[in-house]
Amino acid sequence: MSGGFRSRSESARHLKSDVKGAKQTPSDRGASHSDRKTPQQRQHRQRNDNTKRHQGQRGSSGGNKTNRKPAREHHRDVPRYVAWQALFRVDTENAFGNIVLPSLMKEYGLTGRDAAFTTELGYGSLRAQGLVDAVIGECSSRPLEAIDPAVIAVLRLGTYQLLRMRVGNHAAVNTSVDLCQEVEKPKAKGFVNAVLHSVAQRTESEWIDHLTKNADPFERMALATAHPEWIVKVFRDSLGDYAISELSDALIADDARPRVHLVARPGEITAEELALVTGGEQTSYSPYGVVLEEGDPGAIPAVREGMAAVQDEGSQLIARAAAEAPLEGDETGQWLDLCAGPGGKTALMACLARIDGAHVDAVEPVPHRARLVEKTTSGLPVTVHTVDGRQSGLEAHYDRTLVDAPCTGLGALRRRPEARWRKSPDDLPGLVTLQRELLAAGAELTRPGGIVVYSTCSPHIEETIKIVDWAEKNCPLQPLDTVDYMCGMEHCRAGENAVQMWPHRHGTDAMFVQIFRRSTTLER
1 MSGGFRSRSE SARHLKSDVK GAKQTPSDRG ASHSDRKTPQ QRQHRQRNDN
51 TKRHQGQRGS SGGNKTNRKP AREHHRDVPR YVAWQALFRV DTENAFGNIV
101 LPSLMKEYGL TGRDAAFTTE LGYGSLRAQG LVDAVIGECS SRPLEAIDPA
151 VIAVLRLGTY QLLRMRVGNH AAVNTSVDLC QEVEKPKAKG FVNAVLHSVA
201 QRTESEWIDH LTKNADPFER MALATAHPEW IVKVFRDSLG DYAISELSDA
251 LIADDARPRV HLVARPGEIT AEELALVTGG EQTSYSPYGV VLEEGDPGAI
301 PAVREGMAAV QDEGSQLIAR AAAEAPLEGD ETGQWLDLCA GPGGKTALMA
351 CLARIDGAHV DAVEPVPHRA RLVEKTTSGL PVTVHTVDGR QSGLEAHYDR
401 TLVDAPCTGL GALRRRPEAR WRKSPDDLPG LVTLQRELLA AGAELTRPGG
451 IVVYSTCSPH IEETIKIVDW AEKNCPLQPL DTVDYMCGME HCRAGENAVQ
501 MWPHRHGTDA MFVQIFRRST TLER
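Residue numbering for the sequence shown follows full-length UniProt numbering, starting at 1 and increasing by one per position.
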């Protein structure tokens, strides 16, 4: 089996000799390193540590000096201006917050406390947009849709600071008014000042009480945790009997900024070595994982050199399960990732395949995502096929097939802050059809006695348990007890044989996984 650790000794020694330089210092992190706690316990500390030194921030951010480009020096408050740019582009260009904000921070040279403040302000405002907009709507004389997009972005930043960050009311209002000048909307200063002064009259909890005084429990929970109501109901249905005791915790964890998860690529570096050179700690379940409270993974030498990568611990467990579940019959040494883009799981599978002397075929129909897979798996035993997995034309001989199917992505909302406001229940029917077709194709491409792993980054039962039920009736697949391959993870069973991970229980994204054995014939 390929579960053991093998490190590229020369590179690992090189990294360990430079531990002091590779570790993140408190000034690099922006906030002190927390003890390992539950996601709920960490949530408020993350917000507070990032904001406590930004009271009244104006021309100086009160922390580390930023390496600003000369062309940007006319901006008096670069951290807030960068956060505004991110919100404005997400709103007007359909940009992705987790892509545009880091790019802007790099462009403007934000580091240390400034970067931490901007990250919390930008991502937090996007995550909490439902609550923030409800409060603004209550305080504004104009409907939100009638407010200039540049101005609504200013209001969202100011409101988020007033409700959820330790920025004083006076500072939050005044810096937002000043931001109107920065974004060339000086005539909006009076309007912004009036709205934010009204917002400041109540705390977050008081606003929630005010806005939900006639609401049902789900409406209140949706507003308090900044989730659309339909997603609250999805989480409730997936939690089942545990919904009464855990739904609030699940939503709170889903609304919190996640820690940085790294994967130590087997054969390159061990998790122990990676933890040593990053100052992180090894993950609870994945033997390849390391977790950091925060920081820029791109600044880590092991990541730059391709020995490690950013990958949620849940994704690591899924790729490991695809590589470790026992086979029956003669092995061909051929593995398949049928939905490979952008390539994280493919790369971990390929590292394990290399140790076992196997090869991975990776299927990705979208050309730019296929190129990402090629980049991510460079130097590994992988062949990328830019084809539709449902009609790949590949030979049906694979020992192991991973079907990490496209899904609603409701399990990773904490990593994609604006996604919850863009998704719709109307997305589901087409995705369920696609998931069934891909799983059926994966079963056909796998030899009898081989392994098929179905996974989604979603807890929606239509994409998880019901897909498994359908596959048992319509595909030559026998479900295996997947809990056995989750490295001791507890309280994760879903249905009879599947696994559903949760941020509030396990610290992972809400990943679902079911391992099947390919049968000789369909058993009804």
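Yeah, the Cβ is synthetic: ideal placement off N, Cα and C, and Gly gets one too.
Being a predicted model, the structure only gives us computed values, none of them experimental.
Report task. Count the other CB atoms, across all protein chains shown, that sit within 10 Å of the CB of serine 286; report buried if there are 16 or more and exposed otherwise. Result -> For this step, residue 286 is matched to residue 286 along the sequence shown. With 16 or more other Cβ atoms within 10 Å, it is buried.
**Report entry** beta strand (DSSP E) runs contained entirely in the segment 214-296, provided each spans 3 or more residues
**Finding:** 260-264 and 289-292
Query - valine 263 beta carbon less than 8 Å from that of leucine 348 - result: Indexing the sequence shown from 1 puts residue 348 at position 348. Indexing the sequence shown from 1 puts residue 263 at position 263. Yes; because the gap between Cβ atoms is below 8 Å, this pair is in contact.
Query - Own chain residues within Cβ distance below 8 Å of arginine 265, not counting five before or after - result: One-based indexing of the sequence shown puts residue 265 at position 265. Taken in chain order, the residues that qualify are Tyr288, Gly306, Met307, Ala308, Ala309, Ala347, Leu348 and Cys351.
Query raised in the report: From this set, Thr520, Arg354, Arg493 and Val384, which residue's C-alpha is nearest glutamine 478's C-alpha?
Result: Walking along the sequence shown from the start, residue 478 turns up at place 478. Checking every option, the nearest Cα to that of glutamine 478 belongs to Thr520.
Query raised in the report: Which first and last residues belong to the alpha helix (DSSP H) in which leucine 348 is found?
Result: To locate residue 348, count along the sequence shown from 1; it is residue 348. Per DSSP, leucine 348 belongs to the alpha helix (DSSP H) from 344-356.
**Report entry** the segment 499-516 touching the segment 402-415, judged by at least three CB pairs closer than 8 Å
**Finding:** yes
Requested in this report: Starting from glycine 190, trace the beta strand (DSSP E) both ways and give me its first and last residue.
Outcome: By one-based count along the sequence shown, residue 190 stands at place 190. It is not in any beta strand (DSSP E) - glycine 190 instead sits in the alpha helix (DSSP H) that spans 189-199.
Query - serine 455: first and last residue of the uninterrupted beta strand (DSSP E) it sits in - result: The count along the sequence shown starts at 1 and reaches residue 455 at position 455. Unbroken beta strand (DSSP E) run through serine 455: 446-456.
Report task. Select from Tyr108, Pro448, Gly450 and Asp388 the residue whose C-alpha is nearest the C-alpha of leucine 434. Result -> Indexing the sequence shown from 1 puts residue 434 at position 434. Of the candidates Tyr108, Pro448, Gly450 and Asp388, the one whose C-alpha sits nearest the C-alpha of leucine 434 is Asp388.
Query - Close-in-space but distant-in-sequence residues of the same chain around glycine 357 (CB under 8 Å, 5 per side omitted) - result: The residue given as residue 357 occupies position 357 in the sequence shown. Taken in chain order, the residues that qualify are Gly333.
Report task. Note down the Cα distance separating alanine 150 from glutamate 204, rounded to an integer number of angstroms. Result -> Counting from one through the sequence shown, the residue named residue 150 turns up at place 150. Counting from one through the sequence shown, the residue named residue 204 turns up at place 204. Rounded to the nearest angstrom, the two C-alpha atoms are 24 Å apart.
**Report entry** Three CB pairs or more closer than 8 Å across the segment 105-121 and the segment 182-194
**Finding:** no
Requested in this report: Please classify threonine 25: is it buried, with 16 or more other beta-carbons within 10 angstroms of its beta-carbon, or exposed?
Outcome: Counting from 1 along the sequence shown, the entry for residue 25 is found at position 25. Here the model assigns threonine 25 a pLDDT of 36, short of 50, so the residue's position is not dependable, and the following value carries that caveat. Counting Cβ neighbours within 10 Å, threonine 25 comes out exposed, since fewer than 16 surround it.
Report task. Evaluate the contact criterion for the segment 388-400 versus the segment 443-450: three or more CB pairs, one atom per stretch, below 8 Å. Result -> yes
Query - Buried/exposed call for residue 591, threshold 16 Cβ in 10 Å - result: Coverage of the chain is limited to positions 1 through 524, which leaves residue 591 absent and any answer about it impossible.
Query raised in the report: Just curious, the alpha helix (DSSP H) that valine 360 is in, first and last residue?
Result: Reading the sequence shown from its first residue, position 360 is the one you call residue 360. Looking at the DSSP string, valine 360 is not in any alpha helix (DSSP H); the run it does join, the beta strand (DSSP E), is 359-363.
Query raised in the report: Counting along the chain, where does the alpha helix (DSSP H) carrying tyrosine 123 start and finish?
Result: Residue 123 sits at position 123 when you count from the first residue of the sequence shown. Its alpha helix (DSSP H) spans residues 112-127.
Report task. Since I believe arginine 166 is in contact with alanine 128 (beta carbons under 8 Å), could you give me their beta-carbon distance rounded to a whole number of angstroms? Result -> The residue labelled residue 128 in the question sits at position 128 within the sequence shown. The residue labelled residue 166 in the question sits at position 166 within the sequence shown. Going by Cβ atoms, the distance from alanine 128 to arginine 166 rounds to 15 Å, so no, they are not a contact pair.
**Report entry** For alanine 172, the nearest candidate out of Glu184, Gly341, Leu157 and Gln181 (CA to CA)
**Finding:** Reading the sequence shown from its first residue, position 172 is the one you call residue 172. For alanine 172, the nearest C-alpha among the options comes from Leu157.
Requested in this report: Output yes or no for whether 8 Å exceeds the beta carbon distance between glutamate 294 and glycine 97.
Outcome: The residue labelled residue 294 in the question sits at position 294 within the sequence shown. The residue labelled residue 97 in the question sits at position 97 within the sequence shown. No, these two residues do not count as a Cβ contact at 8 Å.
Query raised in the report: What is the rounded straight-line gap between the Cα of glycine 21 and the Cα of alanine 275?
Result: For the purposes of this step, residue 21 is taken as residue 21 along the sequence shown, with counting starting at 1. For the purposes of this step, residue 275 is taken as residue 275 along the sequence shown, with counting starting at 1. Interpretation of glycine 21 is limited by its pLDDT of 40, a score under 50 that renders its predicted location unreliable; the figure taken from the coordinates is listed afterwards. Cα to Cα, glycine 21 sits roughly 14 Å from alanine 275.
**Report entry** Residue environment, glycine 63, which counts as buried when at least 16 other CB atoms sit within 10 Å
**Finding:** The count along the sequence shown starts at 1 and reaches residue 63 at position 63. In this predicted model, glycine 63 has a pLDDT of only 37, less than 50, meaning its place in the structure is not dependable; the value taken from the coordinates is given anyway. Burial call: buried.
Query - Counted within 10 angstroms of its Cβ, other Cβ atoms place tryptophan 84 as buried (16 or more) or exposed - result: For the purposes of this step, residue 84 is identified with residue 84 of the sequence shown, where counting begins at 1. Tryptophan 84 is buried by the Cβ-count criterion.
Query - Where the beta strand (DSSP E) through tryptophan 335 begins and ends - result: If you number the sequence shown from 1, residue 335 lands on position 335. Note, tryptophan 335: beta strand (DSSP E), 334-337.
Query raised in the report: Where do the ends of the alpha helix (DSSP H) carrying serine 208 lie?
Result: Counting from one through the sequence shown, the residue named residue 208 turns up at place 208. According to the sequence displayed, residue 208 carries isoleucine and not serine. Unbroken alpha helix (DSSP H) run through isoleucine 208: 204-211.
Report task. Output the distance between the C-alpha atoms of serine 61 and glycine 280, rounded to the nearest integer angstrom. Result -> Stepping through the sequence shown from its first residue, residue 61 is reached at position 61. Stepping through the sequence shown from its first residue, residue 280 is reached at position 280. Its pLDDT being 35, under 50, serine 61 is placed unreliably by the model, and the measurement read from it follows with that caveat. Cα to Cα, serine 61 sits roughly 27 Å from glycine 280.
Requested in this report: Report the partner residues of tyrosine 398 according to the DSSP bridge assignment.
Outcome: Position 398 of the sequence shown, counted from the first residue, corresponds to residue 398. In DSSP, tyrosine 398 forms a bridge with Thr446.
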